[in-house]
Structures are given as C-alpha cells and as structure tokens.
C-alpha cells in the first residue's frame, strides 16, 4: 500500500519510468528551454505584473523620469547642486554595475545551467530561478531605459539610472504596512470568536502539547468530516475559550520559543504584506471544488491501479508498456485494465485543468519569498506545490527548496493558514542557512571556499545534519556570508539545530509519521465516498477480490471485528455487487465498514501520539511552529480572514 501511495505527490510522475539514458539532444533541448523560457518568461512576468498594477507602474515611471530630469538639470548647474548631481549619477551607475556584475546573480545563472545539463528533474525549478535572475532583470532594465528615453535631453544620463529597484519598492511598502499594522498582543486582547471567527491553528496543538501549563484540560477534537459518521480530524486547539491572561502567557511562550525579535512583529508583518502584494495576480477562481474533483479522481485511479497490479503476474514496470503483449485471457484482468485506463484518462483531464493554476500560484509564492529573502539577506528558495492531501508544507534541508500543500493555495488569496505555513517553512530555511554558516566557521573558510573546502563543508554538513547539500545552496550562502562569522549566541543556537536535525534524520520517527498520515488520508477519502450508491458493497467486494489499497490502513492496527469478517465473507460469495439488491445489505455494509474505518482512524491517531510529540519537541520544530503561529496571528491582525470552507 505505502509504496503505491507515497510515490504520487506529483501526479505527472504516476506511471512514468525513468529514462534508461540521457542523450546529448535531450540535454541541449533542456538548455534551450531553460534560456528561452527563463529569459522571455521573466519578461512576460514583468509585463503581467506591470499591467495588473497600472497605478504603481505609472508611479515608478514618473519616479525614474524625475530622477533623470534632476540628473540632467544638475549638469547645467554649479556649486553644490552640480556636485550633488554628480554624486547621485555616480551612485546610480555603481548600483547598476553592481547589479549587472553581481557574483550572486551570475553564480546562480551558471549553476542553473550546469544543473539543467545533468539533472532533468530540476528543469522547472531552474527555469523559475532563471526567470528571476535573467528574465526579470532584462525587463526591469528595459523598462527604466524606455522611460529614460522619453526625454531626449537626458538619454546621455540613462546609463546611470538603470538599477532595478521594483523589488525594493515592494519591500519598502511591506515595511510600512508592518509598522502601522495592529500588533499581535492588541489583536488577541480584543479577539472575539463570535465576530472574528475561531482562531484555530495546528501550531497551537504543538505549543500546548509541549507546554501543558499554557492551557489546562488537554486538546479538544475538531469537527468530523463528511459524512456524518466520518473520521475525526487530528486533534487541534482553539483560542476561542482562552482568557486574555492566558493569551498573554501564550505570546510570551511563543517569543521564548521563536528567538526572533519581539513577537516577530516586523518580519511577520513584512511577509504578510509581500504575500498580499504578490498574490494580487492570482486568479479570483476558488480552486477548492476543482481540487476536490481531482483528489477523488486520483484516489479512484490509485485504488484501481493497485488492484490491477495485484492481478498482474509480470514485472510491475511492464504493466503499461505499449510494446509488451499482455495476457488478457483472464477476464478479470482485462476488466481491471480497461477500468484503470479509463480512470487514468479522467484523472489526466482534471490535472490539465488545475495544474496551470498551481504553476501560477507557485510563481507568486516564489516572488514573495524572493523579496522576503532579499530583506533578510538570504538566498532565494525555490517553490513548488504538492497535491498530496495530508500536505501542509515542507522544506528540503540542503536544497533551498520549499513545497506548499495545495490545500493552502486553492483560495483566491492568502489565508492565515497559508501565511502560517509560509513562515514555518521559511524559518526552516533560515535555520538551514545558519547551520551551514556555522559549519563554514568551524572550517575557517574565508570569503570564498576553495574546491577542497567546499568538499569538506559538504561532507561535514551531511555528517552533522544528516542531509545532502546542493551546490546551489552552498554557493549562494557563501556569497551572502562573505567571510563574516556568526556571533557566539548564533553559533550556540546553530549547534542545537544541527543536533536536532541529525537526531531526526537518524531515527525512524519521520517514516512512522508519514505512513500514519497517509493511512489516515486514505481512510478519510474513502469515508467521504461512502455516501455513493452501492459504495459499501463495492468496497466489501474489493477487499475480497484482490489486494486493496485500503487493507493496510484499515487492518494494520485495528483488526476486523467478527461482524466485519462475516460481511466480507458474504460479499465474496456474491461476486458481482449488482446482484446484492437488498437495501438492508447496502445499509449494513456501509454501517459496519464506516464504523471500522472510524475505529481504525482513531487507532492511527493514538499510534501517532508518541512520534508526533517527539517531532514537536525538536528545536527545529519548536522555533518554526512558534514563528508560524505568530505569523498566523499577525495576518489576522492585518485583515486576512480564515477560509469559509472546512479545512
């Protein structure tokens, strides 16, 4: 079960087999795509953003034109005015030259080209980097040059004013909004669940589990999903009934865990503002219904594919190969193959509808992260969206790569839940950079590592963190570090982070959690389908006619009751569910299967309690959960609302 489910985080990878070789023509074609899509895609993004923000574009154009007019007039003046004009021109010229000759920019472009040559899987991520590093720079430069040429008298000074500064304007706007926004403490002081909606966050569960003094009484279960007798969602904690004094204690504990500036007010406010700015170009379409359609189609295909593979006697890789002659003398095998092919076609149809939206929203998130990283003086992480049901987000240590769960990006704009995930995962990214800098300090690396030092740093990072280090991240961090060593406090914190990272990668806790959540999502998805006609009898029949995707999730922890075994035996005797026409049979099958799935789900949650607590107690996670919850509260204080639909 697990291998059939966990390998489908990206549906385009389902059923695909790795190419046996990577010919030169493929590499050249990838490089051509990288350069053309990176260059023209970045220009296209620039045009799109400018067209969707006409007042801002006009203001920027006026600003550029005004600067050039001042520079031109200063050349015809004397004394201090002339000196000021020359100084301003020299500053803008040097700023532009610095941007053009930036080692970070060209190092990133070079590493993207090299990585695309050797790794086909990273093409989309590298195109995104190239759009930011090359294409957007070309657009910004062309825009400012074009504005400059509107006044023939100042063409000669245009070269001094080409430095792109659109991103800095977005950051300045975000800083202003953060400074004027309501504080977390003020928001919680007047928080009223009846008027502002419940403040329920996954991070609250972590904080209460690790600090029982915060709120007595334990955790309260969330509302069940559909149908009425469906599985309970994981336990969560709400601030709805907390007193003002208890909320104040929570804020102090979050500050202690976070270790950032007071309550992270400034940073979190800036991130919220940047997310709002970059997601204004999101389609106003709510993707929730389309995503639900996609998840249902994917689940049906996975179940059918798993059943088909249990009947197939050949090599699994040969099942869908067109050049392999299949033995369809077995009518059951033929029917299963036809059904699976039909479901795959339906799945592909839905995927082609929703995937372009995922790509556009990943681009928006990448842009917000790019600005936030610039403000924090950090490299820019790449961003992708995963359609896995149980997914909130994850940061891939050593790779500067962040995945967002699709459930948090389907709304028309950013929600507090999206902000929480974005801050949580970026915190992990910051932690990773800090740890890498600490190890560089240990090796006494100067401004730029030698080849031998880079190899030693990569090995030490693997040894101390348990993760692989990409050349991209090593190059970017060393350029930003520029030989500057960490303070004693930063080194001490980095040591704790490295220790928790190594412990987490060494233990099997992560795999246990992943498997448990995946099993729970399988049960949820099937429970949500139990209101379909004859679904109970179909499921009972499936469990008897071949190895099923749900078997491990349903029976690994919670053994079947005698009543369930009797029903399974009864369904096995009647091969075709259509012959079971009695309503009492269908109602009985649904009742007994739903009851068992509820018991199995509760058993899984209980079984997850111990590894989940170990996960929450990691230094890495305590910091990230604290910052994520603070960002969630800050976003609510800045006007973001929780989605109307159930999570």
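Numbering (my numbering), first residue to last: 30 to 676. Backbone N, C-alpha and C fix where the C-beta goes; we use that ideal spot for every residue, glycine too.
When burial is assigned at 16 or more other CB atoms within 10 Å of the CB, is residue 359 buried or exposed? Its Cβ having fewer than 16 others within 10 Å, residue 359 is exposed.
Are the Cβ atoms of residue 233 and residue 284 separated by less than 8 Å? Result no, Cβ atoms of residue 233 and residue 284 do not sit closer than 8 Å.
With a threshold of 16 other CB atoms inside 10 Å of the CB of residue 388, please say whether the residue is buried or exposed. Only exposed fits residue 388, as fewer than 16 other CB atoms lie within 10 angstroms of its CB.
Would you grab the beta carbon distance between residue 230 and residue 501 for me? Rounded to a whole angstrom, and I think it's under 8 Å. Between residue 501 and residue 230 the Cβ distance is about 32 Å, and since that is not below 8 Å, they are no contact.
Could you tell me the alpha carbon to alpha carbon distance between residue 477 and residue 510, rounded to whole angstroms? Answer to the nearest angstrom: the Cα atoms are 9 Å apart.
If you run the structure through DSSP and keep just helix, strand and coil, what is residue 267? Three-state result, residue 267: strand.
Just checking my contact of residue 305 with residue 443 at CB under 8 Å: how many whole Å lie between their CB atoms? Indeed they touch by this definition, with Cβ atoms about 6 Å apart.
Give the straight-line distance between the Cα atoms of residue 584 and residue 670, rounded to the nearest whole angstrom. Cα-Cα distance, rounded: 40 Å.
Using only the alpha-carbon positions, how far apart do residue 495 and residue 651 sit? Roughly 19 Å between the two C-alpha positions.
When DSSP labels each residue in this structure, what does residue 367 get in the three-state scheme? Under the three-state reduction of DSSP, residue 367 is assigned to helix.
Cα separation between residue 668 and residue 432? Residue 668 and residue 432 have their C-alpha atoms some 25 Å from each other.
Please report the residue range of the alpha helix (DSSP H) in which residue 590 lies. Following the DSSP letters along the chain, one finds residue 590 in no alpha helix (DSSP H), marked with neither H nor E.
Sequence-distant residues of the same chain with beta carbon closer than 6 Å to residue 424, five excluded per side: Correct list, in chain order: 431, 454, 457, 458.
What residue range is occupied by the uninterrupted beta strand (DSSP E) comprising residue 411? First-last of the beta strand (DSSP E) with residue 411: 411-415.
What number of angstroms, rounded off, separates the C-alpha of residue 300 from the C-alpha of residue 203? Linking residue 300 to residue 203 through their CA atoms gives a straight-line distance of about 8 Å.
Quick check: the Cα distance between residue 333 and residue 201, rounded to an integer number of angstroms? Their backbone Cα atoms lie some 53 Å apart in a straight line.
Find out if the Cβ-Cβ distance for the pair residue 572, residue 580 is shorter than 8 Å. Taking 8 Å as the Cβ cut-off, residue 572 and residue 580 qualify as a contacting pair.
The segment 510-528 / the segment 460-467 touching (three or more Cβ pairs under 8 Å): Taking 8 Å as the limit for Cβ pairs, the verdict is that the segment 460-467 does touch the segment 510-528.
What ranges does the alpha helix (DSSP H) occupy inside the segment 489-532, keeping only unbroken runs of at least 4 residues that lie completely in it? With a minimum length of 4 residues, the continuous alpha helix (DSSP H) runs that stay inside the segment 489-532 are 500-510.
Could you tell me the distance, in whole angstroms, from the CA atom of residue 367 to the CA atom of residue 532? The C-alpha of residue 367 lies about 47 Å from the C-alpha of residue 532.
Short check: CB of residue 427 to CB of residue 481, under 8 Å? At least 8 Å separates the beta-carbon of residue 427 from that of residue 481.
Endpoints, the alpha helix (DSSP H) within which residue 422 is located: Premise fails: residue 422 lies in the beta strand (DSSP E), 422-425, not in any alpha helix (DSSP H).
Rank 594, 553, 348 by C-alpha distance to the C-alpha of residue 570 and give the top, closest one. Considering only alpha carbons, the answer is 594.
Distance, residue 527 Cα to residue 518 Cα: Cα-Cα distance, rounded: 14 Å.
Helix, strand or coil at residue 212 [DSSP, three-state]: Under the three-state reduction of DSSP output, residue 212 falls in the coil class, being neither helix nor strand.
Beta carbon of residue 376 nearer than 8 Å to that of residue 404: Taking C-beta atoms as the reference points, residue 376 and residue 404 fail to come closer than 8 Å.
Could you tell me which of 392, 221, 337 sits nearest to residue 365, measuring between CA atoms? Of the listed residues, the one whose Cα sits closest to residue 365 is 337.
Could you check what DSSP says for residue 476 in three-state terms: helix, strand or coil? Looking at residue 476 - three-state DSSP - the assignment turns out to be coil, as it is neither helix nor strand.
Alpha carbon to alpha carbon, how far is residue 614 from residue 566? Taking the straight line from one Cα to the other gives about 8 Å.
C-alpha distance - residue 302 paired with residue 220, whole-angstrom precision: Near 21 Å, if we compare the C-alpha coordinates of residue 220 and residue 302.
Should residue 53 be counted as a contact of the ligand ATP given a C-beta to heavy atom distance under 7 Å? The ligand ATP is not among the ligands present in this structure, which contains no ligands whatsoever.
Contacting residues, own chain, Cβ-Cβ under 8 Å from residue 208 (five flanking each side not counted): So the list reads 295, 298, once near-sequence residues are dropped.
From 437, 620, 549, pick the residue whose C-alpha is nearest to that of residue 578; which is it? The residue from 437, 620, 549 with its alpha-carbon nearest to that of residue 578 is 549.
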